[in-house]
Structure formats: C-alpha cells, structure tokens
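Novice: Shown below is the structure under consideration.
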Amino acid sequence: MLAKLNKSFYCGLTQGIINNNSFKANIKSVLVSSESLFSQAVSIKAIASLNQIHFAALQTIQCIEFNSMHLSNPSLELLLNLTGVRQINKALDLLELNEFNEKAVLIVIGKNKDKVKKELINLEKISEIKKNSKLIELNFVKNKKELMKLYGIKETELKLFEDKDKALKELIIEHNANLVFL
C-alpha cells in the first residue's frame, strides 16, 4: 500500500507475518535511514490502525522539516511517534520484533515514490513476509483491552462515544500526538 502523506513525502506499508527469523535478528543492518528515505519494521502489538501509522509518519516528517527531531535517526524518531513515548527503550519494547512476535508492519517513508516502492519490495523480499492486509484490524479487535491499558485510556472515556472502536483508535492517535507538544 502506497500513500502520499504530504506534498513531499510518500509512505509505503505492508502488514503480515514475517517468516525469516534472521531478518528480525539483523533488522538494523537492513533498514535504511536518511531524511529523504527511511524504513522501519515494527510489531503490531501497539498499533491500533493504519491512521495511527500515517499520523506518526506525518509527525516524523514534520520533525524532519522543522529540524525538531528528538533523535538524530528518522527511523527511530518514527518509533517514538508511533507509541507516544519519549524514551526509545520504551518504544522499542512496544514495537520491536522478536522470535515470539512475527506479526509486523513494514514501513518505508521517502520523498521519491519509486524509491519508496523499491525499498518496500526489498524489505518484503528479505523478510519473507506473508502479506495480510487485515492484520492490524484483527489485532485491534483481539487486543482492545491491552491497547486501552497501554495508552492509558479508560472505559469511561469511551462511554461518551457512539462508535467506541473508532473513538479508541482516535484517542490513541491523540495520545501519541501529545509527544509533539510535551
């Protein structure tokens, strides 16, 4: 899946099951990281929606464009924005792939649409990912309570909304947006 994030950047996403354990072990050597093209492979356990990923990507791009990154590496900055935490160790605990957690999202963000596509295809090939475009939604349905606990969202907050699932996804994005303003 490829989307235009703003006038300068594109985002490519693939969700699925990673079948190559050596990919997970050597992930740092496979990912690219520059201000014009960067990638990340993350566990879906802390991801509630594709909108959460797109919003985190936009936050990261904004940090690059305004020279306000918390970290010097855009790939790591993306992890902070995906989770709404300031400590990279906490973000890694939530999103890092390991042998017990192969459900993943491959993310590539860049200025050149063709390079984003090419890098996403490369990551798909290396990771041997078995694509499943519904994986994030299935994870959300299965793990709502865990996501609420993780992001500090109370049941009473959701009672105010008619569509509780949509509200939960939006409250998670709102939680993560607060990182920018803290």
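Just add 9 to the spot in the sequence shown (first one is 1) and you have the numbering used here.
Idealized CB from N, CA, C, for every residue including glycine.
Everything numeric in this text was worked out from a predicted model, so none of it was measured.
(1) Out of Glu166, Leu159 and Val114, which one is the CA nearest neighbour of Leu144?
(2) Give me, in chain order, the residues of the same chain whose beta-carbon lies closer than 7 Å to that of Asn82; leave out the 5 immediate sequence neighbours on both sides.
(3) Give the DSSP-derived three-state secondary structure of Ser48 in the structure shown.
(4) Could you please give the first and the last residue of the uninterrupted alpha helix (DSSP H) stretch that includes Ile62?
(5) Compute the beta-carbon to beta-carbon distance between Asn141 and Gln61, rounded to the nearest angstrom, for a pair I have assumed lies under 8 Å.
(6) Tell me the DSSP secondary structure of Ile56 in three-state form.
(7) Using the C-alpha atoms, what's the distance from Glu166 back to Cys20?
(8) Are Ala50 and Ile116 close, meaning C-beta to C-beta below 9 Å?
Specialist: Judging by the given coordinates:
(1) Closest by alpha carbon: Val114.
(2) For Asn82, the CB contacts under 7 Å within the same chain, skipping 5 residues up- and downstream, are Ser42 in chain order.
(3) Under the three-state reduction of DSSP output, Ser48 falls in the strand class.
(4) Segment Leu59 to Glu74, the alpha helix (DSSP H) holding Ile62.
(5) Actually they are not in contact, since the Cβ atoms of Asn141 and Gln61 sit about 17 Å apart, beyond 8 Å.
(6) Of the three classes helix, strand and coil, the one that applies to Ile56 here is coil, per DSSP.
(7) Distance between the alpha carbons of Cys20 and Glu166: 31 Å.
(8) Yes, Cβ-Cβ distance for Ala50 and Ile116 is below 9 Å.
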